[in-house]
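In terms of mature numbering (1 follows the signal peptide of the UniProt record, and there is no 0), the sequence shown is residues -26 to -1, 1 to 632.
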Amino acid sequence: MGIVVLTMKASVIEMFLVLLVTGIHSNKEMTKIKRPKFNVPQINCDVKAGKIINPEFVVKCPAGCQDPKYHVYGTDVYASYSSVCAAAVHSGVLDNSGGKILVRKVAGQSGYTGSYSNGVQSLSLPRWRESFIISEGKPPKGVTYPSALTYSSPKSQAAKAGETTKAYQKPSVPGTTAEPVTLMQAPGTTLVKATHTTLPKPSLSAGSTTSSPRLQPVGHRSWDLDLWSTITSSQNSPRGNSVSPSGVQRQDALGAALQKPAGVHASLDCKVDLSFLIDGSASIGKRRFRIQKQFLADIAQALDIGPAGPLMGVVQYSDNPATQFNLKTHMNSQDLKAAIEKITQRGGLSNVGRAISFVTKNFFSKANGNRGSAPNVAVVMVDGWPTDKVEEASRVARESGINIFFITIEGAVENEKQYVMESNFANKAVCRTNGFYSLSVQSWFSLHKIVQPLVKRVCDTERLACSKTCFNSADIGFVIDGSSSVGTGNFRTVLQFVANLSKEFEISDTDTRIGAVQYTYEQRLEFGFDAYSTKPDILNAIKSVGYWSGGTSTGAAISFALEQLFKKSKPNKRKLMILITDGRSYDDIRIPAMAAHHKGVITYAIGVAWAAQDELDIIASYPAKDHAFFVDEFDHLYKSVPKVIQNICTEFNSRPRN
């Protein structure tokens, strides 16, 4: 019996030892199990941070991202419109050979400063909805990151990088509970609203889609964002309105923004060729872009589009401008409104100056439906402020006869003005700075209120001061005979004749410009086209011309005027030469006159007393009967002023333009 007990105890002990050893062995095997290796997703140099939805991620950049074609905006904190990898090189985290980086999204800013660093020139940028910062690609201990990125456009960057996309999951630390991701404020930056509240997209239908609001600096236009929240919260309210914290009752802002203005119709004699330059930049957001399109539809309805009345085309600008449709594409308001509804937002920057140049060079042409007889009007819509300069492009547009109107919506507030690239940009762009051509709207939700004022202004053709006329579109060069046969008294009479003609024109650096040459055997430039830009200054300059005295070399004077005066004429100006002489020339006038005609200089020849009619006819442009004049006495010169002006305007109106 004792032996049996001992044997059983030994068996139990043996089994226990076996289990113990097996367990230890099993634990060793378990400790040898490795975690799956983290695959770092790769991206190309041109991938922008804004295209990646993940708020925090690790990526691998290729070599060669230092190339200037990959744009970067900001310093240390970069706008999400920047190339991720080029920003990494700029920041110094990577060199041009590439490598891994950690990217963290932070709130947008109201301004980004450009700088040159590590071979990359970053650019300045006004406000942007989202930013990011870069650090070395070493994740904190215990934190994992996605091995596949989520893109806003899965068919673009994801496909290029050869990745598959999946729903984003926040990097997690073992043993912790995932929390909703909130964009962080970068140290030392101006915080922008970063909570992505789901808001209804403006729509004429009952159903609405959602999209993220445009991010704005703290304290700036937050009322608009509250309005969208109000709309969301009030959809189940029996009255459909709410009271703001300040106690002001607010109606449905979306309905107000998209309501059709009543009683707005263009007059029957409204005949203009109209181009709308609409803002398609990323900063405007989808909702505001929708409001902008509704505004265009309201304008189209109010104008009563048609071949005998106003015609309208649309150019959308962002990084680059693009014509959505031209003047002759749609010949009635119904078709035009349907086309407006189909316009899709391009995204990018707000390069208004580039868009104005595009319209000047390409839009108002006969091939695009420009009628020539109707004023050219360009209405520029700007959200906030442009990301390029507009002054020079607008000057050329004005000189080309385009009446520029500016609508600025939600312009820069005081603490944002430091980021505006060009101060007073609207005044530098519009046709005239008298208030007629500028409209400022405090909120996109108030845009519908200016439909009627704008229609009235663009149809008031009498006040469209930049339209090309015979009085504001020329460079006029007077070539004045100062020979001995004229005499001092008669020379003053000639100068009065020149002044009387000049008074009839609208003189400025963008309208008609005046220059003068005096000649005898020799020639003298009295003043060039760019010397004076106001009518009083021109009249004083004419009055100050001194009598020279000498021979009469008219041919040499024409050649001199072509070289010293008209060679500096602007390409979009008509060139008019008005030559006054009292006698036959000592030199040949045929070759110089032919050169003037060949170069497009319209020449008027005014002969007095002993001037030779045959020479006047040779000097004058064809037909000579409309461009050559003769008076028998200097005191009768004034009588020819109305006829000269009439013929200048008749010639202007008879020639095709644009």
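Glycine included, every Cβ here is placed at the ideal spot set by N, Cα and C.
query: Where D556 and T528 are concerned, what is the direct C-alpha to C-alpha distance, given to the nearest angstrom?; result: 10 angstroms
query: Answer yes if the region 577 to 592 comes into contact with the region 413 to 421, meaning at least three C-beta pairs across the two stretches below 8 angstroms, and no otherwise.; result: no
query: Looking at the strands, I want to know which residues DSSP matches up with Q620.; result: Answer is none; Q620 lacks a bridge partner.
query: I'd like to know whether the C-beta atoms of V77 and V46 end up nearer to each other than 7 angstroms.; result: no
query: Whose CA, out of Q308, F380 and Y495, lies closest to the CA of V356?; result: F380
query: Using 7 angstroms as the threshold, is the C-beta distance between F603 and S595 below it?; result: no
query: Tell me whether D247 sits in a helix, a strand or coil according to DSSP, three-state version.; result: strand
query: Excluding the 5 residues preceding and the 5 following I622 in the sequence, name in chain order all residues of the same chain whose CB lies nearer than 6 angstroms to its CB.; result: C444
query: Taking the alpha-carbon positions, what's the I481 to N627 distance?; result: 19 angstroms
query: List the DSSP bridge partners of N546.; result: DSSP, once it has assigned bridges, lists no residue as partnering N546.
query: With C-beta atoms as the reference, is V80 less than 7 angstroms away from S105?; result: yes
query: Per DSSP, which residues does I488 bridge with? Please list them.; result: I450
query: Shortest alpha-carbon distance to V288 belongs to which of I552, G520 and H304?; result: H304
query: I532 lies in the alpha helix (DSSP H); which residues open and close that run?; result: T528 to Q538
query: If you draw a straight line from the alpha carbon of S292 to that of P545, how long is it in whole angstroms?; result: 28 angstroms
query: Can you tell me whether C433 is helix, strand or coil according to DSSP?; result: helix
query: On a CA-only basis, which of G375, N377 and V364 is nearest S397? Give me that one, please.; result: V364
query: I need the boundaries of the alpha helix (DSSP H) containing C59, first residue and last residue.; result: V58 to S65
query: Would you list the one or two residues that DSSP bridges to D253?; result: Y291
query: C39 and A23: beta carbons closer than 7 angstroms?; result: no
query: Is E607 close to chain C, meaning its C-beta is less than 7 angstroms from at least one C-beta of that chain?; result: The structure shown has no chain C; it contains just one protein chain.
query: I'd like to check one pair, V429 with A282: are the Cβ atoms closer than 7 angstroms?; result: no
query: Return helix, strand or coil for L475, following the three-state DSSP convention.; result: helix
query: Can you tell me whether N377 is helix, strand or coil according to DSSP?; result: strand
query: Between I383 and A352, is the Cβ-Cβ spacing less than 7 angstroms?; result: no
query: In chain order, which alpha helix (DSSP H) runs of at least 4 residues are fully inside the region 13 to 82?; result: 58 to 65
query: Shortest alpha-carbon distance to E315 belongs to which of N336, R328, R264 and K477?; result: R264
query: DSSP on F445, reduced to helix/strand/coil?; result: coil
query: Let me confirm a value: M551 is counted as buried when at least 16 other C-beta atoms fall within 10 Å, else exposed. Which label applies?; result: buried
query: In whole angstroms, give me the CA-to-CA distance for S447 and F465.; result: 28 angstroms
query: Per DSSP, Y125 forms a beta bridge with which residues?; result: I26
query: From what residue to what residue does the alpha helix (DSSP H) around E315 run?; result: S307 to E315
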